[in-house]
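Read in the UniProt record's numbering, the sequence shown has 13 at position 13, and its numbers run on one by one without any break. By construction, the Cβ of each residue, glycine as well, lies at the ideal position given by its N, Cα and C atoms. Here the structure comes first, spelled out in structure tokens, and everything after it is commentary.
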Amino acid sequence: MKLANEDVSMLAFTSEQITAPFLLPEMVERVASMLNYFLLQLVGPQRKSLSLKDPEKYEFRPKHLLKQVGINYISKTFE
């Protein structure tokens with residue numbers, strides 16, 4: 001989960017600073033697919049399967065991850 005947190009956070013940070021590469025036709029589909037995947041995993045019908053006894057051990061912070069996904073969606077919407 002650490003990698004997912006880092007990927008989404010880095011995407012949010014980078015896309016706020018440098019927007020042009022993320023608006024290229026070949027990138028839009030890839031970024032949208034990744035964000036849609038994370039969103040579906042976090043709030044979709046199978047979200048209960050992400051339940052952990054010790055989420056901090058794996059650095060699993062679903063609320064933070066969901067917030068970062070939302071920030072990414074919003075930053076792409078207003079470009």
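To the nearest angstrom, report how far apart residue i and residue j are at their CA atoms.
| i | j | result |
| --- | --- | --- |
| residue 57 | residue 42 | 18 Å |
| residue 60 | residue 24 | 31 Å |
| residue 33 | residue 71 | 15 Å |
Counting along the chain, where does the alpha helix (DSSP H) carrying residue i start and finish?
| i | result |
| --- | --- |
| residue 32 | 25–43 |
| residue 17 | 2–17 |
Do residue j and residue i have their beta-carbon atoms positioned less than 8 Å apart in this structure?
| i | j | result |
| --- | --- | --- |
| residue 65 | residue 5 | yes |
| residue 90 | residue 9 | In the structure as shown, the chain begins at 1 and stops at 79. Residue 90 is therefore absent and cannot be evaluated. |
Could you give the C-beta distance for residue i and residue j, rounded to a whole number, given that I count them as a contact under 8 Å?
| i | j | result |
| --- | --- | --- |
| residue 80 | residue 31 | Nothing about residue 80 can be reported from this structure: the residues present for the chain run from 1 to 79 only. |
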